[in-house]
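One structure is given here, and the rest of the page talks about it.
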Amino acid sequence: MAKIGWIGLGNMGTPMSKNLVKAGHDVVVWNRTKSKADSVLAEGAKWADSPKEVAEKSDFIFTCVSDGPTLQIVALGENGYVKGLSAGKIAVDMSTVAPSESEVVNDAVEAAGCKLIRGPVTGSTVLAEAGTVGVLASGDKAAYEKVLPLFEVVGANQFYLGGGEEARVLKLAINSMLAATMQLEAEAVVLCEKAGLDVKQVCDVIAGSAVGSPLTGYKAAVIAEGEYPAAFSVRLMMKDLDLAFDAAKQYGVAMPATALTRQQLASAAATGRAEKDFSVLTQVMEDACGYKRP
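Take the position in the sequence shown, starting the count at 1, then add 214; the result is the number in the numbering used here.
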């Protein structure tokens, strides 16, 4: 049984931390809004009053937060978890952040005699609940081997990618493809809608076709129903694409399709849809093309 600390109980952090509790591990948690920890505490986790306390009580410290600035606060702040580290502990960050933001945290963790594993995940909240997300990992190989049994609890697939920030880059690349895929589906769906086809049937056919994917399967019902509750919000996807552009500048890569998709997401945000699921791009296209569903 591992002594695990978990910081960040959002849409992904909550189910993943619950799975570690259910697997029999000793889990202590912290979140900025304590009420969001209620369901995890009900499963048997314990509460800590600060990220520092989480680290003091744990051998493995997981973070899963919304962005890089938040990661740096919970890691490096006055009561950040780095202040609670002692030599030999392993920190694991499952957030989606820029490589440059990650490097700052890594330097502080290393200075405390510990290791940081970058472990962003791929997959939806449904997969997080089922313990079947994909884990992209990079960092010290020996530390990764120690964390691997815990990754196997939260994810069906684990990929070790290298000793540095490789996992950060691949996660941003994947999210760029997710966003662009939803933009392409939005264009296809609206074309079919304006030609008189049934939107549900169109989404089902796309999901089962040569261009189908787990993503188009997940989003088929959401697009057909036209409600777009946020599994992954427009706001967060815009953040990730901006991080992808920063990485693209660093490595000298053009991302024209991603740039167009980012503009469409900006249109969604500007029309009050920032907290909708990013598949709301279909609704944005419907508006732009003058189509209103019957």
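All residues carry an ideal CB built from backbone N, CA and C; glycine is no exception. Given the structure is predicted, the values throughout are model-derived calculations rather than measurements.
Item: Starting from residue 429, follow the alpha helix (DSSP H) in both directions and report where the run begins and ends.; Value: 428-439
Item: Helix, strand or coil: which one does DSSP assign to residue 245?; Value: coil
Item: Check whether the stretch 255-262 touches the stretch 278-288, taking contact to mean three or more Cβ pairs, one atom from each stretch, closer than 8 Å.; Value: no
Item: Please check the pair residue 352 and residue 327, which I expect to be a contact at CB under 8 Å, by giving their CB distance rounded to whole angstroms.; Value: With 8 Å as the limit, residue 352 and residue 327 do not qualify as a contact, their Cβ atoms being about 20 Å apart.
Item: Give the list of continuous beta strand (DSSP E) stretches no shorter than 3 residues that lie fully inside the stretch 343-375.; Value: 347-351, 369-374
Item: Taking 6 Å as the limit between beta carbons, can you name the residues of its chain near residue 271, skipping five residues before and five after?; Value: 242
Item: Under the rule that 16 or more other beta-carbon atoms within 10 Å means buried, what is residue 503, buried or exposed?; Value: exposed
Item: Can you name the start and end residues of the beta strand (DSSP E) that residue 408 belongs to?; Value: Segment 380-408 is the alpha helix (DSSP H) holding residue 408; no beta strand (DSSP E) there.
Item: For residue 425, name the three-state secondary structure that DSSP assigns.; Value: coil
Item: I'd like to check one pair, residue 402 with residue 475: are the Cβ atoms closer than 8 Å?; Value: no
Item: Tell me whether the beta-carbon of residue 215 lies closer than 8 Å to the beta-carbon of residue 278.; Value: no
Item: Judging by CA-CA distance, which residue of 347, 307, 431, 398 is the nearest neighbour of residue 233?; Value: 347
Item: Can you confirm whether the stretch 335-350 touches the stretch 366-380 when touching is taken to mean that 3 or more C-beta pairs between the two stretches lie within less than 8 Å?; Value: yes
Item: I'd like to check one pair, residue 338 with residue 465: are the Cβ atoms closer than 8 Å?; Value: no
Item: For residue 507, tell me which candidate among 229, 471, 411, 468 has the shortest Cα-Cα distance.; Value: 411
Item: Just reading off the beta strand (DSSP E) that residue 306 is part of, what are its end residues?; Value: 304-307
Item: In whole angstroms, what is the alpha-carbon distance linking residue 204 and residue 499?; Value: Because the chain here runs from 215 to 508, residue 204 falls outside it and cannot be looked at.
Item: Assign residue 382 to buried or exposed, taking buried as 16 or more other Cβ atoms, counted over all protein chains shown, within 10 Å of its Cβ.; Value: buried
Item: With a CB to CB cut of under 7 Å and the five nearest residues on each side skipped, what residues in its chain are close to residue 443?; Value: 491
Item: Does DSSP classify residue 446 as helix, strand or coil?; Value: coil
Item: Throw me the rounded Cβ distance for the residue 397 and residue 495 pair, which I believe falls under 8 Å.; Value: 5 Å
Item: Have a look at the DSSP bridge pairing and note the partners of residue 279.; Value: Answer is none; residue 279 lacks a bridge partner.
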